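Residue numbers (our numbering): 6 to 166.
Dropping the structure here:
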């Protein structure tokens, strides 16, 4: 099983503020959908609750410390280890946030699909630093800002060394 982190983070590693994204990048949403559809997506409870509704064509595995948390549309677990164990029959699973879950998952991760948003933003949730001694940048694709994208961004793919 391969574990992939998927995130969009600014140059200062900002992910979000007040349980919401700081930017709207339609092409990044399309890429996220293409990467994660028909897979298990593992996330923290706050990330799940930031969605208007569960994302289609994906199995949601939600980590929470709340013992009595219930939602019929998702799998509720209480640790990252439990989430990975639940998804262990999958070929590839995707960790989609938030900041604390990314930090916990980084040591177990094989691949990072990062959308680097060019700019620095005020945030309360951050992506962990990527240690270049442990990760190889294997692909980089720049996208300039345009009428649909207020900020320029780059798709970066890292593989564990």
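The beta carbon of each residue, even a glycine, is placed where N, CA and C say it ideally should be.
Keep in mind that this is a model prediction, so the values were computed, not measured.
Check                                                                                             : Outcome
Which residues DSSP lists as bridging residue 22, in chain order                                  : 25
Residue 158 in three-state terms, based on DSSP                                                   : strand
Inter-residue spacing [alpha-carbon to alpha-carbon] between residue 53 and residue 159           : 25 Å
Inter-residue CB distance, residue 106 and residue 84 (contact presumed, cutoff 8 Å)              : Not confirmed; about 11 Å, so no contact.
Residue 64, DSSP secondary structure in three states                                              : strand
Residue 142 versus residue 76: straight-line alpha-carbon distance, rounded                       : 38 Å
Residue interval of the alpha helix (DSSP H) (run including residue 51)                           : 50-54
Proximity of residue 167 and residue 39 at Cβ, strictly below 8 Å                                 : For residue 167 there is no data in the structure shown, the boundaries of the chain being 6 and 166.
Unbroken alpha helix (DSSP H) run spanning residue 37, endpoints                                  : 31-41
Proximity of residue 49 and residue 124 at Cβ, strictly below 8 Å                                 : no
Alpha-carbon spacing of residue 35 relative to residue 70, whole angstroms                        : 31 Å
Residue 89, DSSP secondary structure in three states                                              : helix
Cutoff 8 Å; reference residue 95; Cβ partners in own chain excluding five residues on either side : 6, 44, 45
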